[in-house]
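Residue numbers (the working numbering): 366 to 560.
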């Protein structure tokens with residue numbers, strides 16, 4: 366986790382280059398969530414968990430030039446001074462908040478430094494989290510599939526009604542790695558306490 370070894374090589378190259386100023390971190394490293402929300406948050410972020418948050422547009426230009434000149438691949442950047450928050454509108458929230466199975470919006474299920482609020486809300490503020498597929502179908506119909514909906518198990522209902530689901534093949538990203546690390550530490554502490 367600390368070495369960012371799970372990140373794409375292009376992203377890693379940018380983050381590890383000390384000459385590139387203004388690179389903060391990847392989105393996935395800027396948030397924390399509870400164990401039971403790991404799958405839904407990981408699914409909601411998808412590839413954007415590896416998007417680089419930067420101070421501003423100028424720092425991005427330098428990073429892109431570095432990637433091009435050294436043929437290191439591509440990366441996606443989210444400048445703090447440009448990215449805007451996204452939300453589920455209040456009428457929709459009021460319409461679904463009392464439906465059995467509704468949990469919250471994904472952005473309300475993660476912890477992060479307030480400085481990154483616009484970035485986190487841009488990626489997670491317009492994603493509705495529900496308990497299961499039945500609730501997702503019900504809420505999807507009620508809101509005419511105008512927002513993404515994700516279940517706790519990671520099934521994703523896209524805007525318009527298409528669905529992504531099934532058994533996830535051991536998908537590893539920063540969020541799932543943090544959870545695995547926490548679980549291992551707890552397990553080791555329990556073993557030590559039992560001895």
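Don't be surprised by glycine CBs; every beta carbon is placed ideally from N, CA and C.
If you check the beta carbons only, do residue i and residue j fall under 8 Å apart?
| i | j | result |
| --- | --- | --- |
| residue 489 | residue 471 | yes |
| residue 418 | residue 481 | yes |
| residue 484 | residue 443 | yes |
| residue 492 | residue 515 | yes |
| residue 385 | residue 428 | yes |
| residue 503 | residue 464 | yes |
| residue 494 | residue 468 | yes |
| residue 438 | residue 374 | yes |
| residue 414 | residue 393 | yes |
| residue 445 | residue 420 | yes |
| residue 562 | residue 404 | The structure shown does not extend to residue 562, since the chain is modelled only from 366 through 560, so no value can be given for it. |
| residue 382 | residue 431 | yes |
Return the bridge partner residues of residue i from the DSSP annotation.
| i | result |
| --- | --- |
| residue 492 | 513 |
| residue 520 | For residue 520, which the question treats as bridged, DSSP gives no partner whatsoever. |
| residue 614 | Look at the range of the chain in this structure, 366 to 560, and you will see that residue 614 is not part of it. |
| residue 390 | 418 |
| residue 528 | 522 |
Let me make sure I understand the geometry here. Which of the options has the alpha-carbon closest to that of residue i?
| i | options | result |
| --- | --- | --- |
| residue 400 | 467, 416 and 517 | 517 |
| residue 433 | 497, 376 and 498 | 376 |
| residue 523 | 512, 531, 530 and 532 | 512 |
| residue 422 | 409, 398 and 388 | 388 |
| residue 486 | 557, 528, 372 and 451 | 451 |
| residue 508 | 395, 529 and 453 | 453 |
| residue 406 | 424, 474, 556 and 506 | 474 |
| residue 395 | 416, 529, 459 and 383 | 416 |
| residue 457 | 411, 506 and 424 | 506 |
| residue 397 | 527, 479 and 532 | 479 |
| residue 436 | 412, 378, 424 and 411 | 378 |
| residue 606 | 372, 496 and 402 | No answer is possible for residue 606: it lies beyond the span of the chain, which begins at 366 and ends at 560. |
Problem set entry | Secondary structure, alpha helix (DSSP H): runs of 4+ residues fully inside the segment 432-482 | 455-461
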